[in-house]
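Right, one structure below, let's go through it.
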Amino acid sequence: MSQHALRGMNDIRPPDISIWHEVEKCAHEIFPRYLYQEIRTPILEDMSVFTRSIGDTTNIVEKEMYVFQDRGGKWVALRPEGTAPVVRAYIEHHGNPDEVVRYYYMGAMYRYERPQQGRFREFHQLGAEVLGISSPKLDAEVIHMVDVFFKHLGIKNAVLEINSLGCPICRPKFLRAFFDFLHKNEDKLCSDCKRRMEKNPLRALDCKNPGCDALTREGPSIHDFLCEDCEKDFDTVLETLGLLKTEYKVNPKIVRGLDYYIKTTFEFTSNALGSQNAIAGGGRYDGLVRLMGGPNVPAVGFAIGLERLVDIIKAERNLTAPVLNRKGLFFATLGEKALQKALVLAQQLRNANIPVGLDYEGKSLKSQMRKADKMGAEFVMVIGDSELEKNEAQLRNMSSSTETTISLDQILQALQSIPA
RNA sequence: GUGGGCGUAGCUCAGCUCGGUUAGAGCGCCAGGUUGUGGCCCUGGAGGUCGGGGGUUCGAAUCCCAUAGCCCACCCCA
1076 MSQHALRGMN
1086 DIRPPDISIW
1096 HEVEKCAHEI
1106 FPRYLYQEIR
1116 TPILEDMSVF
1126 TRSIGDTTNI
1136 VEKEMYVFQD
1146 RGGKWVALRP
1156 EGTAPVVRAY
1166 IEHHGNPDEV
1176 VRYYYMGAMY
1186 RYERPQQGRF
1196 REFHQLGAEV
1206 LGISSPKLDA
1216 EVIHMVDVFF
1226 KHLGIKNAVL
1236 EINSLGCPIC
1246 RPKFLRAFFD
1256 FLHKNEDKLC
1266 SDCKRRMEKN
1276 PLRALDCKNP
1286 GCDALTREGP
1296 SIHDFLCEDC
1306 EKDFDTVLET
1316 LGLLKTEYKV
1326 NPKIVRGLDY
1336 YIKTTFEFTS
1346 NALGSQNAIA
1356 GGGRYDGLVR
1366 LMGGPNVPAV
1376 GFAIGLERLV
1386 DIIKAERNLT
1396 APVLNRKGLF
1406 FATLGEKALQ
1416 KALVLAQQLR
1426 NANIPVGLDY
1436 EGKSLKSQMR
1446 KADKMGAEFV
1456 MVIGDSELEK
1466 NEAQLRNMSS
1476 STETTISLDQ
1486 ILQALQSIPA
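Under this note's numbering, residues 1076 to 1495 are what the first sequence spells out, in order.
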């Protein structure tokens, strides 16, 4: 244990890596159907990209960001989330606010937190942002796309919860009423919520303490304070979700941890995880582009937590044992000449997209057969002196344990003529 | 930042309560059993500063202390 990856940072290796590949492939397949294009932004940004956007009093900015000065003295930060960098890139490259831009991204994010199940200091998000459309129908379509993505991966127990946080016009009225309510009932609140009351009262909605939970359910609801626009838009979102057959649960307690969200907010949760049960979250953030120095452009986005997603996929699949289907070929050679011949033939097969293994050290045939079996080869080609003389080899089918003699010049044809 | 749990082979763990000869098992890995044939089986082998450090003791994986780490939960979030 002399060297260890940093706390909260993990190596992603086989066999898990294949699930990651699957998830990535699925994203590249589905998101472009909705006209999203991939964007890759730097992992490191000027610190202000995040402090200005996420909100000074959020946990992320207050104590979770990896921040340091580079050698030139500039304050930089490892990105703790994906939206702000995408917005920064949007402002940098797109001058026309009438243009609709749709981006998706995936990559590592960093937050200095205490690790626990489903939460790490380096984690990966798959997200998307749409800039330039204010219609709530888009909100619904974005959410629907996430749902489609999950279904495509075979995820069954993801639940969508949705809410409206109101806008800068109506939210302050609610906040005042809610604060008054908390203040009146201060003696019933847990110590954490007493603290939250002053700083960020909305957070009390999120409290899992049974007493606070029951209390805030009795209190004023954001939905009684929504202005006409917000209420109409929220109805449209729900209506459109119905149209698209996406099941949802309205939950007035969905409060997001970043300050820039307005109106529609949503989370997908799963009971297959531990206490970190959110697998995706997002919402509308119409004011952010302006706030970051760009034009006044409406926007919607979301992010999916990939570690958690992979966890769920593993949990849901664990019931069925994986089936090993053999593929590829292993050259079992006897003698230096045969090995040389195999090295050359191996390249031909690899060029034809066939996985090929061989032994370089002149091990016993038994040993080579074991290697072939372990790599999961469908065929083994045995080449020895007698075969070399006749320019042929024994082709062994590892599933049926049958062997045929084939010409060394016709390996490719022979392999390709066998139905997979 | 707060609380609880855990550290012995690549992996999963036994041994620790009641300190005592070369620290074990299963799986995995390598080799042999058939000097030209895999899986099953049999035999053998490699692999461990018992997290690192300090202390008690004739003697510490085992008892004590303090450290770094891992896990889980709170906080918060993906």
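Ideal Cβ placement from N, Cα and C applies to all residues, glycine included.
Computed from a predicted model, the values in this text were never measured in an experiment.
Other residues of its chain near residue i: CB distance less than 7 Å, five sequence neighbours each side excluded
i            : result
residue 1457 : 1407, 1468, 1469 and 1471
residue 1368 : 1166
residue 1143 : 1151
residue 1365 : 1371
residue 1430 : 1402 and 1403
residue 1185 : 1141, 1153, 1154, 1155, 1196 and 1197
residue 1260 : 1290
Length of the line joining the Cα atoms of residue i and residue j
i            : j            : result
residue 1371 : residue 1268 : 35 Å
residue 1213 : residue 1087 : 35 Å
residue 1094 : residue 1193 : 16 Å
residue 1138 : residue 1187 : 7 Å
residue 1076 : residue 1189 : Low confidence applies to residue 1076: its pLDDT is 47, below 50, so where it sits in the model is not reliable enough to give any reading.
residue 1291 : residue 1145 : 45 Å
residue 1256 : residue 1247 : 14 Å
residue 1109 : residue 1265 : 45 Å
residue 1442 : residue 1199 : 41 Å
residue 1211 : residue 1313 : 9 Å
residue 1495 : residue 1453 : Reliability fails at residue 1495, whose pLDDT of 49 lies under 50, so the model's placement of it is uncertain and the value that follows must be treated cautiously. Each residue's alpha carbon lies about 10 Å from the other.
residue 1286 : residue 1178 : 42 Å
residue 1284 : residue 1449 : 52 Å
residue 1288 : residue 1358 : 23 Å
residue 1101 : residue 1173 : 30 Å
residue 1392 : residue 1473 : 27 Å
From the options, residue whose alpha carbon lies closest to that of residue i
i            : options                   : result
residue 1342 : 1378, 1366, 1374 and 1108 : 1378
residue 1375 : 1409, 1340, 1403 and 1402 : 1340
residue 1235 : 1325, 1224, 1274 and 1228 : 1325
residue 1303 : 1218, 1181, 1239 and 1381 : 1239
residue 1432 : 1455, 1107 and 1356       : 1455
residue 1222 : 1316, 1276 and 1246       : 1316
residue 1148 : 1122, 1439 and 1162       : 1122
residue 1250 : 1301, 1286 and 1227       : 1301
residue 1182 : 1415, 1131, 1113 and 1289 : 1113
residue 1090 : 1173, 1172 and 1388       : 1388
residue 1428 : 1206, 1322 and 1491       : 1491
residue 1323 : 1363, 1448, 1360 and 1219 : 1219
residue 1318 : 1346, 1215 and 1426       : 1215
residue 1346 : 1361, 1321 and 1384       : 1384
residue 1274 : 1419, 1133, 1084 and 1362 : 1133
residue 1305 : 1422, 1244, 1439 and 1191 : 1244
residue 1128 : 1172, 1392 and 1363       : 1363
residue 1482 : 1203, 1461, 1476 and 1092 : 1461
residue 1476 : 1485, 1489, 1444 and 1227 : 1444
Beta-carbon separation (whole angstroms), residue i vs residue j, contact threshold 8 Å
i            : j            : result
residue 1424 : residue 1487 : 7 Å
residue 1401 : residue 1330 : No, residue 1401 and residue 1330 are not in contact; Cβ-Cβ is about 52 Å, not under 8 Å.
residue 1098 : residue 1333 : Not a contact, Cβ separation roughly 24 Å.
residue 1434 : residue 1416 : Incorrect: roughly 14 Å between the Cβ atoms, too far for contact.
residue 1310 : residue 1348 : The Cβ separation is near 31 Å, so there is no contact.
residue 1307 : residue 1241 : At roughly 13 Å, the Cβ-Cβ gap does not stay under 8 Å, so residue 1307 and residue 1241 are not in contact.
residue 1206 : residue 1176 : 5 Å
residue 1409 : residue 1459 : 4 Å
residue 1203 : residue 1106 : 6 Å
6 Å Cβ shell around residue i - same chain, five flanking residues per side excluded
i            : result
residue 1070 : Nothing can be reported for residue 1070, as the shown portion of the chain is limited to 1076 through 1495.
residue 1225 : 1233
residue 1140 : 1152 and 1155
residue 1209 : 1373
residue 1254 : 1276
residue 1079 : none
residue 1083 : 1190, 1195 and 1196
residue 1478 : 1469 and 1471
Residues that DSSP places opposite residue i in a beta bridge
i            : result
residue 1344 : 1234 and 1353
residue 1469 : 1457 and 1480
residue 1219 : DSSP, once it has assigned bridges, lists no residue as partnering residue 1219.
residue 1167 : Beta-bridge pairing links residue 1167 to no other residue.
residue 1180 : 1202
residue 1143 : 1151
residue 1113 : 1179
residue 1330 : Per DSSP, none; premise fails for residue 1330.
Contacting residues, own chain, Cβ-Cβ under 8 Å from residue i (five flanking each side not counted)
i            : result
residue 1344 : 1233, 1234, 1236, 1352, 1353 and 1354
residue 1327 : 1238, 1280, 1296, 1297 and 1298
residue 1125 : 1135, 1136, 1140, 1152, 1154, 1155, 1156 and 1159
residue 1336 : 1240, 1358, 1359 and 1360
residue 1130 : 1136, 1333, 1334 and 1335
residue 1258 : 1272
residue 1356 : 1331, 1340, 1341, 1342, 1343, 1377 and 1378
beta-carbon residue i near the ligand GDP non-hydrogen atom, thresh 8 Å
i            : result
residue 1442 : This structure does not include the ligand GDP; it has no bound ligands of any sort.
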